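1268 is the number of the first residue of the sequence shown in the numbering used here; add one for each residue after it.
Notes to accompany the following structure.
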Amino acid sequence: MEALQNIDPAHLPIIGVGCAALCIVAFVIAFALQAVSSIFEVIFGLVELLIELLQGGPVAWCGCILLIAGALAFAGAIILVAHAPESCAAHPTRFCQWFGFLP
């Protein structure tokens, strides 16, 4: 109790503001830790999924590889058709005639 008697009354608002700031900082740190925890949970969940796919053998991930290859082939076909008219105008080939990009 002797320590409380030595506190200057002019410092009481500063002590109150310091305690409030400490509570706010603790609140912010708690939310930041939850956010970081969630981010790490997502990242490690994806890594765990990748490891499970790789450890499953060829039967487990063969379909995934075929799906990815199909998606890449579809994207390549879209890019080819999107750029074909301007390319056919500069360099006409049989491909351009087959698909009607030449008049």
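Cβ coordinates follow ideal geometry from the N, Cα and C atoms, glycine included.
Please read all numbers here as calculations on a predicted model, not as lab measurements.
Length of the line joining the Cα atoms of residue i and residue j
i	j	result
Pro1359	His1350	13 Å
Leu1347	Gln1301	46 Å
Trp1365	Ala1357	16 Å
Leu1279	Leu1317	57 Å
Cys1329	Leu1339	15 Å
Ile1345	Ala1336	14 Å
Ser1304	Ile1291	20 Å
Cys1363	Ile1306	49 Å
Nearest-angstrom beta carbon gap, residue j and residue i [assumed within contact, 8 Å]
i	j	result
Cys1355	Phe1368	4 Å
Leu1320	Cys1331	6 Å
Proximal residues to residue i (C-beta, below 6 Å), its chain only, five neighbours per side dropped
i	result
Cys1352	Looking at the sequence shown, residue 1352 is not Cys but Pro. Around Pro1352: Phe1368.
Sequence-distant residues of the same chain with beta carbon closer than 8 Å to residue i, five excluded per side
i	result
Ile1274	Ile1282
Close-in-space but distant-in-sequence residues of the same chain around residue i (CB under 7 Å, 5 per side omitted)
i	result
Ile1310	none
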